[in-house]
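K.L.:
With the UniProt record's numbering applied, the sequence shown corresponds to residues 1 to 247, in that order.
Quick reminder that beta carbons are idealized off the backbone N, C-alpha and C, glycines included.
Before I ask anything, let me first share the structure, which is written out below as structure tokens.
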Amino acid sequence: MANSQQCLGCHACEIACVMAHNDEQHVLSQHHFHPRITVIKHQQQRSAVTCHHCEDAPCARSCPNGAISHVDDSIQVNQQKCIGCKSCVVACPFGTMQIVLTPVAAGKVKATAHKCDLCAGRENGPACVENCPADALQLVTDVALSGMAKSRRLRTARQETSTWHASTAAQEMPVMSKVEQMQATPARGEPDKLAIEARKPVLMKFICHFAPTRHNGKPRAALSAASTAFVNGPARCITIYRSGLNW
1 MANSQQCLGC HACEIACVMA HNDEQHVLSQ HHFHPRITVI KHQQQRSAVT CHHCEDAPCA
61 RSCPNGAISH VDDSIQVNQQ KCIGCKSCVV ACPFGTMQIV LTPVAAGKVK ATAHKCDLCA
121 GRENGPACVE NCPADALQLV TDVALSGMAK SRRLRTARQE TSTWHASTAA QEMPVMSKVE
181 QMQATPARGE PDKLAIEARK PVLMKFICHF APTRHNGKPR AALSAASTAF VNGPARCITI
241 YRSGLNW
């Protein structure tokens with residue numbers, strides 16, 4: 001199990017994995033560097049991704065040749081049965097299955113599935129867990145996993161019951177009548193009123209002059225000009241129409 005909050009992204013697990021499957025020796029070239037665990041990075045987050053060894057493994061169900069099976073509470077690949085069809089690669093929901101090409105003869109290679117095998121046969125267990133400098137990788141049992149889930153649920157429950165964690169909307173509000181609510185409401189501010197002389201508006205009188213024109217042989221009114229005069233007094237708009245015109 002990988003803890004992304006503790007992962008440093010140092011790739012020490014990848015190097016340890018490759019060396020554990022190469023007689024504790026580093027590979028000679030990048031072409032032969034095929035770790036069974038991968039460190040992924042996204043913005044400020046880092047985490048190691050490897051096979052989850054699912055109880056109902058999709059890769060095992062998808063294998064047409066029965067090369068993937070459960071062995072000692074883990075998922076193992078039988079390299080002799082694997083035909084390199086990539087069915088397991090497509091079926092794995094975590095993207096931890098890979099196909100590796102191994103030279104077998106002059107100009108010939110063998111394609112086989114490549115995944116974490118929990119360092120089966122290694123005395124100290126998984127090399128990635130042993131060499132992680134931040135202890136971000138752990139090999140846990142079902143009992144330990146259930147205990148971790150229980151502790152997380154209890155921690156979440158304690159946070160939700162804390163007064164500082166409760167939302168304001170969830171707190172009980174005092175019940176008040178409408179009269180009490182109106183009395184508790186602050187008075188609305190009124191704008192400052194100016195004296196009448198300061199507020200005396202400027203009259204804008206629009207005199208819209210219509211001149212006759214013809215459309216289809218009939219007289220029609222058309223707006224020809226508009227004049228604006230500014231005088232003192234009540235605001236009003238006077239519109240003068242010519243009589244005897246058809247609209």
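Would you mind sorting S87 into buried or exposed? The rule is 16 or more other CB atoms within 10 Å of its CB.
P.N.:
Buried, by the Cβ-count rule.
K.L.:
Would you mind listing the beta strand (DSSP E) stretches within the region 55 to 112 that are 3+ residues and don't spill past its ends, in chain order?
P.N.:
You should have 68 to 70, 75 to 77 and 98 to 105.
K.L.:
For P126, I'd like the list of residues in its chain whose CB is within less than 7 Å of its CB, leaving aside the five on either flank, ordered along the chain.
P.N.:
Cβ within range, chain order: L118, C119 and L139.
K.L.:
I'd like to know whether the C-beta atoms of I68 and G84 end up nearer to each other than 7 Å.
P.N.:
Cβ distance not < 7 Å, so I68 and G84 don't count as in contact.
K.L.:
Classify H26 as buried or exposed, calling it buried when 16 or more other Cβ atoms lie within 10 Å of its own Cβ.
P.N.:
The residue is exposed, with fewer than 16 neighbouring Cβ atoms inside 10 Å.
K.L.:
With a 10 Å radius around its C-beta and 16 neighbouring C-beta atoms as the bar for buried, classify V18 as buried or exposed.
P.N.:
So V18 ends up on the buried side.
K.L.:
Using DSSP bridges, identify the partner residues of R46.
P.N.:
Beta-bridge pairing links R46 to K41.
K.L.:
What are the partner residues of H114, as DSSP defines its beta bridges?
P.N.:
Note: H114 sits in a beta bridge opposite Q98.
K.L.:
Going by the beta-carbon positions, is the gap between N124 and A12 smaller than 7 Å?
P.N.:
Contact: no.
K.L.:
If you run the structure through DSSP and keep just helix, strand and coil, what is A2?
P.N.:
Strand at A2.
K.L.:
Under three-state DSSP, which class holds C10?
P.N.:
Note: C10 maps to coil in three-state DSSP.
K.L.:
What is the residue span of the alpha helix (DSSP H) that L154 lies within?
P.N.:
It spans D142 to T161 - the alpha helix (DSSP H) in which L154 sits, taken as one unbroken run.
K.L.:
Is it right to say H215 is buried, meaning 16 or more other beta carbons lie within 10 angstroms of its own, or is it exposed?
P.N.:
In this prediction, H215 has a pLDDT of 47, which is less than 50 and means its spatial position is unreliable; nothing more can be read from the coordinates.
K.L.:
On the CB-based measure, 16 or more other CB atoms within 10 Å of its CB, does K115 come out buried or exposed?
P.N.:
That one is buried.
K.L.:
Assuming I75 and H53 are in contact, meaning their beta carbons sit under 8 Å apart, how far apart are those beta carbons, in whole angstroms?
P.N.:
Indeed, because the Cβ distance is near 5 Å, the residues count as touching under 8 Å.
K.L.:
In this structure, what does DSSP give as the bridge partners for L137?
P.N.:
BP columns for L137 point to A2.
K.L.:
Within 10 angstroms of its Cβ, does R46 collect 16 or more other Cβ (buried), or is it exposed?
P.N.:
The residue is buried, with at least 16 neighbouring Cβ atoms inside 10 Å.
K.L.:
Look up A120 in the DSSP assignment and say whether it is helix, strand or coil.
P.N.:
Coil at A120, not helix or strand.
K.L.:
Buried or exposed for S224, please, with buried defined as at least 16 other CB atoms from any protein chain shown within 10 angstroms of its CB.
P.N.:
In this prediction, S224 has a pLDDT of 40, which is less than 50 and means its spatial position is unreliable; nothing more can be read from the coordinates.
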